[in-house]
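The sequence shown begins at 360 in the working numbering and counts up by one.
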Amino acid sequence: KGEFIKCYHRIHWCYTNAYKNSVDLRIRVTDNQPEFHLKIGQIQKTNRKEIIIPFNEDRLEQAFEFLKVLGYGKGIKAIRNAEIYQYKNIEWAIVEVPNHSYYFEAEKIVLDKKDIKLAEEEIKRVCKSLNLNVLSEKETIEYIQILDREANELFKI
C-alpha cells in the first residue's frame with residue numbers, strides 16, 4: 360500500500376520544446392508558488408538534471424518580462440493536477456490533465472550516477488508488478504504531441 364504524500368495544482372509555461380531540445384525552460388506555479396524551472400537532458404532519460412529557482416508571487420509578471428527580453432516570449436501553457444505517493448521507496452505521481460487524461464510518473468532520486476541504472480531497473484520491476492506499462496521515448500513524445508494539440512494551449516507574452 361502506498362503512502363499519500365501530497366497533492367498539487369500546477370500551471371506550466373513551457374518556453375522550449377521538451378522533446379526537441381536538451382534544455383527545457385519553464386516558469387511554473389505550483390499551489391501559488393512560482394519558480395523558474397530548467398530541465399537539462401533529453402526527455403525520458405533517467406539522468407535528466409533539474410534546476411529550480413523559486414521567487415515571490417508578486418514577481419511573476421517580471422519573470423515573464425525577464426524571459427521575453429531574453430527571447431522567450433511564447434510557448435505552451437499546460438495545467439496539471441497531481442497526487443503524490445510513496446510506494447516501495449519510489450515517488451509516484453498520478454497526474455491529471457484536466458478534461459483530457461491521466462498518466463503516472465515514477466521517480467527515484469539517486470546521489471551517485473552509478474546508481475541510475477539500478478534505480479531505473481527497480482522502477483521498471485515495480486511497474487511490471489503493478490501491471491503498469493512504461494512508455495518508450497517514442498510513445499512519450501507522441502503523448503506530449505497529443506497533449507499539445509488537445510489539452511495544452513499556446514501563449515504569447
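The C-beta atom is built at its ideal place from N, Cα and C for all residues, glycine as well.
Taking a contact to mean a Cβ-Cβ separation below 8 Å, would you say arginine 385 touches histidine 368 in this structure? no
By Cβ distance below 8 Å, which residues in the same chain neighbour lysine 472 in space, the five residues on each side in sequence not counted? Asn406
Three-way DSSP call (helix, strand, coil) for valine 469 in this model: coil
Going by CA-CA distance only, name the one from Glu362, Glu416, Ile399 and Leu491 that's closest to asparagine 409. The question names asparagine, yet the displayed sequence has glutamate at residue 409. Per the Cα distances, Ile399.
Limits of the beta strand (DSSP E) - the one that tyrosine 367 falls within: 362 to 373
What residues in its chain sit with their C-beta under 7 Å from that of asparagine 511, if we drop five residues either side in the sequence? Ile435, Lys436 and Ala437
Does DSSP classify tyrosine 446 as helix, strand or coil? strand
Whose CA, out of Gly430, Pro393 and Tyr502, lies closest to the CA of aspartate 417? Pro393
Host alpha helix (DSSP H) of valine 388 (start-end): Per DSSP, valine 388 belongs to no alpha helix (DSSP H); it is in the beta strand (DSSP E), 382 to 389.
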